[in-house]
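Trainee: One structure, as structure tokens, below. Some questions next.
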Amino acid sequence: MTATVIALVTLREDQQLALSEYLRVTEPLLKKAGGRVVKRFEINEVIVGHRPARSVVIVEYPDRAAVDSVFESPEYKGIIPVRDIAFADYHVSIVET
Numbered sequence: 013m014t015a016t017v018i019a020l021v022t023l024r025e026d027q028q029l030a031l032s033e034y035l036r037v038t039e040p041l042l043k044k045a046g047g048r049v050v051k052r053f054e055i056n057e058v059i060v061g062h063r064p065a066r067s068v069v070i071v072e073y074p075d076r077a078a079v080d081s082v083f084e085s086p087e088y089k090g091i092i093p094v095r096d097i098a099f100a101d102y103h104v105s106i107v108e109t
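The numbers in my numbering rise by one with no breaks, and the one at position 38 of the sequence shown is 50.
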């Protein structure tokens, strides 16, 4: 059963080096796990409530184990301090289909 990850993120515009380092580490993890970015959106307007982030990224993985192989890996855990510099907001949710 595929697992879809929805990330709500806001980049820190002044932290491009941190973002580059984060992507350098996470893109190979995503690829190795069989994940692929399905769609990216910018949140332009909020109708009700507050804006949770500026962007939405939808990533599809073969299954939940593939998601865990990324987020529980030593490489990902090691890049978390850089992630926290690169992103002002970073929220990840899973929808299994």
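Using N, Cα and C, we set each Cβ at its ideal position, and we do this for glycine too. Remember, predicted model here, so these are calculated numbers, not experimental data.
Given a threshold of 16 other Cβ atoms within 10 Å of its Cβ, counted over all protein chains shown, does isoleucine 5 qualify as buried or as exposed?
Mentor: Lying before the first or after the last residue shown, residue 5 is absent from the chain, which here runs from 13 to 109.
Trainee: Curious, which full-length alpha helix (DSSP H) runs of at least 4 residues does the stretch 21 to 45 contain?
Mentor: 28 to 44
Trainee: Below 8 Å on the Cβ atoms is my guess for phenylalanine 99 versus valine 17; work out the distance and round it to an integer in Å.
Mentor: For the purposes of this step, residue 99 is taken as residue 87 along the sequence shown, with counting starting at 1. For the purposes of this step, residue 17 is taken as residue 5 along the sequence shown, with counting starting at 1. Going by Cβ atoms, the distance from phenylalanine 99 to valine 17 rounds to 15 Å, so no, they are not a contact pair.
Trainee: CA-CA distance, histidine 62 and isoleucine 55?
Mentor: As a working note, residue 62 is residue 50 in the sequence shown. As a working note, residue 55 is residue 43 in the sequence shown. Cα-Cα distance, rounded: 11 Å.
Trainee: Which whole-angstrom value is the C-beta distance of valine 82 and isoleucine 106, which I expect to be below 8 Å?
Mentor: For the purposes of this step, residue 82 is taken as residue 70 along the sequence shown, with counting starting at 1. For the purposes of this step, residue 106 is taken as residue 94 along the sequence shown, with counting starting at 1. 12 Å between Cβ atoms; not a contact.
Trainee: How big is the Cα-Cα spacing for valine 167 and glutamate 87?
Mentor: The structure shown has nothing for residue 167, since the chain only spans 13 to 109.
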